[in-house]
Each structure stands twice: as C-alpha cells, then as structure tokens.
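The next block holds one structure in the form of structure tokens; read it before the comments.
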Amino acid sequence: MITSTFTFIAGLMVAAAAGADVPHDAAWCGTPAPSADLEALASEFTPADSSRQGRTNTTGNTVDPNRVWPQLKIQLYFHVVGGSSPEKSEARKLSYTTLEDQLSTLNSHFAKTNITFSFAGLDRTTNPTWAVGGGGDYNSSLTVFSDMRRTLHKGEQDALNVYVVDYIPGPNGTYGAGIAGSPKLEWDRDSVTDDGVVIDATTTPGGKFPLRDLGATLTHEVGHWLGMPHTFGFASWNPPEEIRDTCEQSKLQKLLGLAPQKIPSFGCPETPPDTCPDDDKPDPIDNFMGYNADHCMNNFTKEQIFMMRTIFDRLRRQKGGMSGGPST
Numbered sequence: 089m090i091t092s093t094f095t096f097i098a099g100l101m102v103a104a105a106a107g108a109d110v111p112h113d114a115a116w117c118g119t120p121a122p123s124a125d126l127e128a129l130a131s132e133f134t135p136a137d138s139s140r141q142g143r144t145n146t147t148g149n150t151v152d153p154n155r156v157w158p159q160l161k162i163q164l165y166f167h168v169v170g171g172s173s174p175e176k177s178e179a180r181k182l183s184y185t186t187l188e189d190q191l192s193t194l195n196s197h198f199a200k201t202n203i204t205f206s207f208a209g210l211d212r213t214t215n216p217t218w219a220v221g222g223g224g225d226y227n228s229s230l231t232v233f234s235d236m237r238r239t240l241h242k243g244e245q246d247a248l249n250v251y252v253v254d255y256i257p258g259p260n261g262t263y264g265a266g267i268a269g270s271p272k273l274e275w276d277r278d279s280v281t282d283d284g285v286v287i288d289a290t291t292t293p294g295g296k297f298p299l300r301d302l303g304a305t306l307t308h309e310v311g312h313w314l315g316m317p318h319t320f321g322f323a324s325w326n327p328p329e330e331i332r333d334t335c336e337q338s339k340l341q342k343l344l345g346l347a348p349q350k351i352p353s354f355g356c357p358e359t360p361p362d363t364c365p366d367d368d369k370p371d372p373i374d375n376f377m378g379y380n381a382d383h384c385m386n387n388f389t390k391e392q393i394f395m396m397r398t399i400f401d402r403l404r405r406q407k408g409g410m411s412g413g414p415s416t
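Structure (structure tokens):
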C-alpha cells in the first residue's frame, strides 16, 4: 500500500513562531516534494523544449503542449461539515447558491483543460470535531480529517470529493486554506476513501478569507488532486538541504513550462519578482499553483494541462471505465 500524501496550504494570519513579520495573506505549505509515484511518471517524459532542459528523450514520451484533449467529466461531491452553532459555523452558513458559484468558478478555471466537474451530490454534517480538525495542532488534525474523509467519501479515486469545513489547523498556530490528496499508482479501499480536497468555508466566493475569497483555493487544491506541484522551491516548503538555496526543480516541475521560482510570492505585486534571475522569465505569480492572491491567479500552462490529463489517465482513471464519467 502506498500511503496518501496530502498537500497543505495554511494562511499565516498570525506571525510565525519565530516572530517574523509575514504578509497578512501569506500561505504556508507542509507538503513534501512530489511523491515518488509522480516523480516516477515524470521520469518517463521529456519537456516540450527538451534541449533547454538539457534532457535527451530516451522514452519516446514528450510533453505536447498543443495536444487537444477530449472532454473529461469528473463527478464532484460536496460534503459541508460544520460545528454545533449555526451562528458561528461558517460552513453551516454556506448556501447552495455559494456552492453553485464555487463549482462554476472551478469549471471556469479548468475550461482550457477540457475538464468539467459535474455536481454529483451534497451532504451536510454537524460534527464539531471534524469541522475544526479536532481543534488541536496541524499533525493531529490530519488524523481527524482522515476519519472524516473515510466516513463521508463517495465514489472511487476518479470522483472528486470536496470537504468544506470551519477551520484547518496549520503549523505554529496558523490556520489553513486547504489540503488535498495526491494521485498514486496503487489504490486500495483505504486509500480511495481517504482521498479528496478539504477547504476552509471562507475561501469560497464571497467568503472572509483575506485575498482568498474568490474561490481559487479549490482550483489550487484540485490542481494538487490532479498531480500538480507548487510553482516554487522544489514544490516543497522544506526541500532537501542540498538544494534549499538553489533554483533546482523537481522532475515533474521541469515538465510544466514554468520559470524556476525559489520561494513563494504573496499578494499580487505590480512587478512580478524574479527569484531565479538566471532564467529569462519572472516568477509565475499568475499561475494557479502558486501562493498569490485569488485575483492574481488566472492560468495553468499548456504543459500543466498535458500532465494533469496524463496523470488522471495513468493514476486516477479506473480500469475498464470510471465512475466519474467517461471522456467523450
């Protein structure tokens, strides 16, 4: 069994434990570099511009940014999990219209991928423990959210389950915007049910999460669910020591048509930073897989689209068909 890898994004709404000042819309991620499964798949491909990356195509598989993909329909289930107080629980306040707006936003952001997320169901649960990840620290919340997912999950690994909660604990007393499961080579019943995306209710369109209130958090997390890493820092908040101060990219990142980015960017700077100046492009602050404000992010690269579709076919599509709906 290959254990589930979850990506975590936490808004640093208070200063980090070290006492450093941080932007009020900053984010923190506890994910490792891309999983071994994703890196193994990435090793089978060479970039569209392999000469630029210094890689020779030995597999015959090259990223094709101009490929026209058939329409793919993925079933999406909403699970709204709130606390005991209707007045205090942001999740319980969410209207059906807001969830419709969130789904519409998600589909708009994924339009160029030819992926459509189709509403498959909504359930509402009152559980004060699940709604706040147990109310403890980040590590203990992972166990609580895992229990929640295994209880509520519907469909197979190709169906997207979105859990909307009141609060996601983050490292050092921060709180998070979302977490997401990672695709894998081998699935069993435990890993299938412990899958999906968890988001803070206030990140939905019209929510209260500062600069993350237009619905792009779900887009970012679904990007992870489809195998996409972050744009920056070896896709990890804690990269290996030997590359920590370099612009080195993971194997998967090198395929995605993104300029190297050493550290995440926040807000929406008028002039994009260039943390890796040896490259001929600034940091990709408009990409959905970065940490910038919702209004700043507006695209996936064509290479990201190629790899998301490839990863879905290789790691999420069921053999002999899929419950999430066929490609047409």
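Taking this note's numbering, the leading residue of the sequence shown gets 89, the next gets one more, and so forth.
Heads up, the beta-carbon is just placed ideally off N, CA and C, and yes, glycines get one too.
What you are looking at is a predicted structure, and each value in this text was computed from that prediction instead of being measured.
(message) Beta-carbon within less than 7 Å of residue 394's beta-carbon, same chain only, minus the 5 sequence neighbours each way: which residues are those?
(response) The count along the sequence shown starts at 1 and reaches residue 394 at position 306. Once the five neighbours on either side are set aside, the close Cβ partners of residue 394 are 151, 152, 153 and 155.
(message) Let me check you understand the geometry: is the CB of residue 150 closer than 7 Å to at least one non-hydrogen atom of the ligand GDP?
(response) In the structure shown, the ligand GDP is absent, as is every other ligand, since no ligand is present at all.
(message) Using 8 Å as the threshold, is the C-beta distance between residue 301 and residue 170 below it?
(response) On the sequence shown, residue 301 is found 213 positions in, with the first residue counted as 1. On the sequence shown, residue 170 is found 82 positions in, with the first residue counted as 1. No, these two residues do not count as a Cβ contact at 8 Å.
(message) Please tell me whether residue 273 and residue 399 are closer than 8 Å, where the distance is taken between their beta carbons.
(response) As a first step, residue 273 must be located in the sequence shown, where it is residue number 185. As a first step, residue 399 must be located in the sequence shown, where it is residue number 311. Going by C-beta atoms, residue 273 is not nearer than 8 Å to residue 399.
(message) Here's the rule I'm using: 16 or more other beta-carbon atoms within 10 Å means buried, otherwise exposed. How should residue 246 be labelled?
(response) One-based indexing of the sequence shown puts residue 246 at position 158. Its Cβ being crowded by 16 or more others within 10 Å, residue 246 is buried.
(request) Taking only runs that begin and end inside the region 243-307, name each unbroken alpha helix (DSSP H) of 4 or more residues, in chain order. (result) 277-281
(request) Out of 306, 358 and 367, state which residue places its alpha-carbon closest to the alpha-carbon of residue 335. (result) Counting from one through the sequence shown, the residue named residue 335 turns up at place 247. Nearest option by C-alpha distance: 367.
(request) Would you check if there are 3 or more beta carbon pairs closer than 8 Å linking the region 170-187 to the region 221-239? (result) no
(request) Measure the alpha-carbon distance for residue 371 versus residue 283 and round it to whole angstroms. (result) Residue numbering aside, residue 371 sits at position 283 when the sequence shown is read from its first letter. Residue numbering aside, residue 283 sits at position 195 when the sequence shown is read from its first letter. When rounded, the distance between both Cα atoms is 31 Å.
(message) Restricting to runs no shorter than 3 residues, where is the beta strand (DSSP E) found entirely within the region 166-253?
(response) 203-214 and 248-253
(request) Give the DSSP-derived three-state secondary structure of residue 349 in the structure shown. (result) The residue labelled residue 349 in the question sits at position 261 within the sequence shown. DSSP places residue 349 in coil when its eight states are reduced to three.
(message) My output table needs one value for residue 400: the three-state DSSP class, helix, strand or coil.
(response) If you number the sequence shown from 1, residue 400 lands on position 312. Helix at residue 400.
(message) Out of 208, 178, 165 and 319, which one is the CA nearest neighbour of residue 256?
(response) Taking the sequence shown and counting its residues from 1, one reaches residue 256 at position 168. When each option's Cα is compared against that of residue 256, the closest is 178.
(message) Would you call the region 191-202 in contact with the region 293-309, where contact means no fewer than 3 C-beta pairs closer than 8 Å?
(response) yes
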